[in-house]
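Before any comments, here is the structure.
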Ligand code: B12
Ligand code: SF4
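Following this line, the structure appears as structure tokens:
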């Protein structure tokens, strides 16, 4: 028996300081009495992650006498997680565990690099593993913790914890948080945090549930349902626990003005929960934003939430084609449902400042005609709104990934997360037209769409798009005028030298 108190380091590979998984595990470790350090990398997954930075992290881990390193990752982070892990393994003797969504969906391949993987919720499993390793006890038999011995993977049951209230709130003990800057590890202070998006926007992020009742084929939730079944899958925090976190953050950082609640689909909760939340949130005097599913918005709910402080939300269309939306993405709402919801929201334009609509492009199942439908839907939405355009990425174990494999559909390497710049879409004319719909008049968008197959339509579009990208917004009348002038010029009689 030893009294050694374990020291752990948790590393987030996210591009911002938002990482609920890491913060929840950090607070559970603290509650269990472990020494905790949290390191934030905050770089885009595609930014180069150099050896010097990895070396600096390895040195920092040794200085801190860390017993166990935990790295949290999504599938886009696999390459940098591998580089960092291999450096730690070469330069130190500290074991490394991977957790987060990628470790949950693909634990077997993660074990090619990591010493351990966490295949479900990490709060209890990570604390238990750290305690056992620090006490030099055997690590086997811990729920969610898998590892290899003599080439064989030792698996334990995967578990999700149903009572989210049993966890302390996400960790913001800044004096033990660190950040990577100029290839060195620095203490993270309030100043750095405030200058990092989203705090520069005076916005704080939180999450009040885990899971989603829908089953969109491209989404990780389809994999989760398969692994964990319905029983533990959808979990909600109590309003009191959520509000005590929000009030605590406002007290600690009074400059926070807006709370972004990042639940997959906030409004799936019962009406009683939403009413209690609205009444209690209103007292904070702050505003909030949500991710919502179009089918869950009703007039009564919008009235209540706006009264409580709702100022913006993000909602998925994904595709305006019923064939794609229902048939390929398995969306539970029809395109018409989506249109009805946007019409309802139009009535609240003066009070909802931010409306973001998610759209997916670069889908090999989608034809030009399907994209036409998307353009028609988007160009019919009252402005202002913002579009978040995602290039379709095939995340492991999702229904769509499995479907493409089953149908033996070729999967181009650029659709896989490790090769992907997920916000960088192919610059096809139709993709660019979709992108433009939020700030271009309907008549102009439809004009380009209808004439896109003519040489002059393509030519004019390129000029128009160039101006649009530079912030020049030209109306359809002007476009037609340019076209007339151009045609006059093109058809002018040939000039002959005397
Ligand atoms: C909030 C959120 C974000 C936030 C913050 C991310 C975060 N990790 O906190 C932001 C806005 C930054 C974000 C961005 C992106 N996201 Co996102 N996001 C989510 C969302 C809605 C919730 C995640 C969450 O916080 N859940 C609650 C926490 C507590 O759960 P958790 O992260 O799973 O953590 C638990 C376990 O995994 C484990 N664990 C986690 N980390 C660690 C670490 C260790 C060491 C251990 C032992 C255990 C462990 O324990 C935790 C607690 O129980 C999920 C949807 C979902 N259903 O998960 C998508 C999701 C994670 N995002 C996704 C994607 C694709 C992205 C983006 C790549 C692009 C995009 N489409 O938005 C970017 C990439 C960011 C970047 N550039 O680095 C995908 C990931 C799919 C995949 N296979 O990787 C998801 C699953 C959504 C989907 N459609 O499928 N996202
Ligand atoms: S509604 Fe959003 S979070 Fe829910 S399954 Fe669909 S894409 Fe995933």
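Numbering (this note's numbering), first residue to last: 560 to 1057. Built from N, CA and C at the ideal position, the CB exists for glycine as well. Small disclaimer: the values here were computed from a predicted structure and weren't measured.
The way I'd put it, the stretch 956-976 doesn't touch the stretch 986-993; fewer than three beta-carbon pairs between them come closer than 8 angstroms. DSSP places residue 794 within a strand segment (E or B) once states are collapsed to three. Residue 600 places its beta carbon 8 angstroms or farther from that of residue 628. Rounded to the nearest whole angstrom, the C-alpha separation of residue 640 and residue 614 is 13 angstroms.
Note on the stretch 746-793: whole beta strand (DSSP E) runs with a minimum of 3 residues are 762-765, in chain order. In terms of Cβ geometry, residue 779 and residue 664 form a close pair [threshold 8 angstroms].
Going by beta carbons, residue 676 and residue 705 fall inside the 8 angstroms limit. DSSP places residue 580 in the helix class (H, G or I) of the three-state scheme. CA-CA distance, residue 822 to residue 908, rounds to 23 angstroms. Distances from the CA of residue 942 to each of 920, 999, 956 were compared; the closest alpha carbon is that of 999. In this structure, residue 837 lies away from residue 764, with their beta-carbon atoms at least 8 angstroms apart. Closest option to residue 678, judged by alpha-carbon separation, among 631, 653, 654: 631. Following the DSSP letters along the chain, one finds residue 706 inside the beta strand (DSSP E) bounded by residues 704-708.
Between the stretch 880-895 and the stretch 927-940 there are three or more inter-stretch CB-CB distances shorter than 8 angstroms, so the stretches are counted as touching.
Leaving aside the five residues that flank residue 884 on each side, the residues in its chain whose CB is nearer than 7 angstroms to its CB run, in chain order, 877, 878, 890, 894. Rounded to the nearest angstrom, the gap between the Cα atoms of residue 703 and residue 948 is 35 angstroms. Residue state for residue 621 is assigned as helix, using DSSP reduced to three classes. Taken in chain order, the whole beta strand (DSSP E) runs of length 3 or more contained in the stretch 945-974 are 945-950. Residue state for residue 990 is assigned as helix, using DSSP reduced to three classes. Less than 8 angstroms divides the Cβ of residue 612 from the Cβ of residue 742. When secondary structure is reduced to three states using DSSP, residue 674 falls in the coil class, being assigned neither helix nor strand.
Taking non-hydrogen atoms of the ligand SF4 into account, the C-beta of residue 886 is found less than 7 angstroms away from none of them.
Between residue 564 and residue 593, the C-beta spacing is below 8 angstroms. No Cβ-Cβ contact shorter than 8 angstroms links residue 769 with residue 753.
Collapsing the DSSP output to three states places residue 633 in coil. Exposure of residue 1031 is indicated by the presence of fewer than 16 other C-beta atoms within 10 angstroms of its C-beta. Membership of residue 658 in any alpha helix (DSSP H) is not indicated; the residue belongs instead to the beta strand (DSSP E) covering 655-658.
Residue pairing by DSSP places residue 736 opposite 597 in a beta bridge.
Put simply, of 843, 830, 875, 737 the residue whose alpha carbon is nearest the alpha carbon of residue 857 is 830.
A Cβ-Cβ contact shorter than 8 angstroms links residue 817 with residue 761. Per DSSP, reduced to three states, the secondary structure at residue 917 is strand.
Under the three-state reduction of DSSP, residue 591 is assigned to coil, being neither helix nor strand. For residue 774, the CB contacts under 8 angstroms within the same chain, skipping 5 residues up- and downstream, are 780, 781, 784, 889, 891, 958 in chain order. Assigned with DSSP and collapsed to three states, residue 571 falls in strand.
A direct Cα-to-Cα measurement between residue 636 and residue 580 gives close to 15 angstroms. Shown here, residue 930 sits in a helix according to DSSP, grouped into three states.
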